[in-house]
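A short write-up of the structure that comes next.
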Amino acid sequence: MAAAIYEDFLKQKLDGKITDHQATFLNKAIVVACGVSSTVLAFAADPLGGILRVCVSVMGALSGPMVAIFVLAMFFPRSGFWSCIVSFVVSNIIMIIICIANYVEDPYRDLFLPTNS
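Numbering of the sequence shown is given in our numbering, commencing with residue 821 and proceeding in unit increments.
Listed below in C-alpha coordinates is the structure:
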(Lines of atoms letter the chains of each structure in order from A and count residues from 1; the text may use other names and numbers.)
(Lines give C-alpha, C1' and ligand atoms only; values in the text may rest on other atoms or scores of the structure.)
Protein backbone atom coordinates (compact mmCIF):
# COMPACT_ATOMS: atom_id res chain seq x y z
CA MET A 1 0.00 0.00 0.00
CA ALA A 2 2.84 2.36 0.86
CA ALA A 3 4.58 1.75 -2.46
CA ALA A 4 1.32 2.40 -4.33
CA ILE A 5 0.77 5.65 -2.43
CA TYR A 6 4.31 6.76 -3.15
CA GLU A 7 4.32 5.72 -6.82
CA ASP A 8 0.84 6.98 -7.71
CA PHE A 9 0.59 10.19 -5.70
CA LEU A 10 3.91 11.43 -4.38
CA LYS A 11 6.50 10.44 -6.98
CA GLN A 12 5.01 12.66 -9.67
CA LYS A 13 5.09 15.70 -7.41
CA LEU A 14 8.48 14.98 -5.85
CA ASP A 15 10.27 13.66 -8.94
CA GLY A 16 13.81 15.00 -8.98
CA LYS A 17 13.35 17.01 -5.79
CA ILE A 18 14.37 14.27 -3.33
CA THR A 19 17.19 11.74 -3.29
CA ASP A 20 16.81 7.97 -3.21
CA HIS A 21 17.68 7.93 0.50
CA GLN A 22 14.92 10.48 1.22
CA ALA A 23 12.46 8.51 -0.93
CA THR A 24 13.26 5.34 1.05
CA PHE A 25 12.75 7.18 4.32
CA LEU A 26 9.46 8.59 3.02
CA ASN A 27 8.29 5.08 2.05
CA LYS A 28 9.15 3.82 5.54
CA ALA A 29 7.18 6.69 7.08
CA ILE A 30 4.20 5.86 4.86
CA VAL A 31 4.42 2.20 5.96
CA VAL A 32 4.36 3.24 9.63
CA ALA A 33 1.45 5.64 9.03
CA CYS A 34 -0.56 2.96 7.18
CA GLY A 35 0.13 0.42 9.93
CA VAL A 36 -0.87 2.79 12.71
CA SER A 37 -4.02 3.89 10.90
CA SER A 38 -5.01 0.26 10.18
CA THR A 39 -4.55 -0.66 13.84
CA VAL A 40 -6.54 2.36 15.02
CA LEU A 41 -9.35 1.57 12.58
CA ALA A 42 -9.44 -2.06 13.73
CA PHE A 43 -9.82 -1.01 17.36
CA ALA A 44 -12.36 1.68 16.42
CA ALA A 45 -14.52 -0.82 14.50
CA ASP A 46 -14.77 -3.24 17.44
CA PRO A 47 -17.38 -1.27 19.46
CA LEU A 48 -19.58 -0.87 16.38
CA GLY A 49 -20.78 -4.43 16.86
CA GLY A 50 -22.68 -6.01 14.03
CA ILE A 51 -22.24 -3.27 11.45
CA LEU A 52 -21.82 -5.95 8.79
CA ARG A 53 -25.14 -7.50 9.83
CA VAL A 54 -26.84 -4.12 9.52
CA CYS A 55 -25.31 -3.42 6.10
CA VAL A 56 -26.33 -6.81 4.73
CA SER A 57 -29.87 -6.53 6.06
CA VAL A 58 -30.35 -2.99 4.72
CA MET A 59 -28.96 -3.92 1.30
CA GLY A 60 -31.24 -6.96 1.19
CA ALA A 61 -34.23 -4.89 2.23
CA LEU A 62 -33.53 -2.18 -0.34
CA SER A 63 -33.08 -4.65 -3.18
CA GLY A 64 -36.65 -5.94 -2.75
CA PRO A 65 -38.42 -2.79 -4.01
CA MET A 66 -35.96 -2.54 -6.90
CA VAL A 67 -36.79 -6.08 -8.02
CA ALA A 68 -40.49 -5.33 -7.54
CA ILE A 69 -40.31 -2.35 -9.91
CA PHE A 70 -38.41 -4.45 -12.44
CA VAL A 71 -41.04 -7.20 -12.29
CA LEU A 72 -43.86 -4.62 -12.44
CA ALA A 73 -42.39 -3.04 -15.57
CA MET A 74 -41.81 -6.46 -17.11
CA PHE A 75 -45.38 -7.70 -16.67
CA PHE A 76 -47.20 -4.35 -16.85
CA PRO A 77 -45.36 -2.12 -19.37
CA ARG A 78 -48.04 0.57 -19.16
CA SER A 79 -47.52 1.16 -15.44
CA GLY A 80 -47.17 4.82 -14.59
CA PHE A 81 -43.87 6.52 -13.87
CA TRP A 82 -45.03 8.42 -10.80
CA SER A 83 -46.80 5.42 -9.31
CA CYS A 84 -43.57 3.42 -9.61
CA ILE A 85 -41.50 6.20 -8.03
CA VAL A 86 -43.93 6.76 -5.15
CA SER A 87 -44.27 3.05 -4.41
CA PHE A 88 -40.48 2.64 -4.59
CA VAL A 89 -39.82 5.48 -2.14
CA VAL A 90 -42.57 4.44 0.29
CA SER A 91 -41.51 0.80 0.29
CA ASN A 92 -37.85 1.76 0.82
CA ILE A 93 -38.83 3.93 3.80
CA ILE A 94 -40.89 1.10 5.29
CA MET A 95 -38.08 -1.42 4.77
CA ILE A 96 -35.49 0.89 6.38
CA ILE A 97 -37.79 1.38 9.38
CA ILE A 98 -38.17 -2.39 9.71
CA CYS A 99 -34.39 -2.90 9.51
CA ILE A 100 -33.69 -0.23 12.11
CA ALA A 101 -36.37 -1.62 14.42
CA ASN A 102 -34.93 -5.12 14.05
CA TYR A 103 -31.44 -3.88 14.86
CA VAL A 104 -32.60 -1.85 17.87
CA GLU A 105 -34.96 -4.51 19.26
CA ASP A 106 -32.65 -7.48 18.45
CA PRO A 107 -35.33 -10.15 18.96
CA TYR A 108 -32.93 -13.09 18.70
CA ARG A 109 -30.33 -12.01 21.26
CA ASP A 110 -31.41 -14.63 23.83
CA LEU A 111 -31.84 -17.45 21.33
CA PHE A 112 -28.94 -19.88 21.57
CA LEU A 113 -28.82 -23.18 19.76
CA PRO A 114 -27.60 -26.22 21.70
CA THR A 115 -23.99 -27.24 21.22
CA ASN A 116 -22.31 -30.60 21.52
CA SER A 117 -19.92 -30.37 24.43
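Here a beta-carbon is modelled for each residue, glycine too, at the ideal position from N, C-alpha and C.
If you're wondering where the values come from, they're calculated on a predicted model, not measured in any experiment.
In the displayed model, Asn847 falls within a helix according to three-state DSSP.
In terms of Cβ geometry, Cys875 and Ile889 do not form a close pair [threshold 8 angstroms]. A straight-line Cα-Cα distance of about 28 angstroms links Val851 and Ile871. Inter-segment contact for the segment 877-887 and the segment 831-851 is absent: fewer than three beta-carbon pairs are separated by less than 8 angstroms. Leaving aside the five residues that flank Ile918 on each side, the residues in its chain whose CB is nearer than 8 angstroms to its CB run, in chain order, Ala881.
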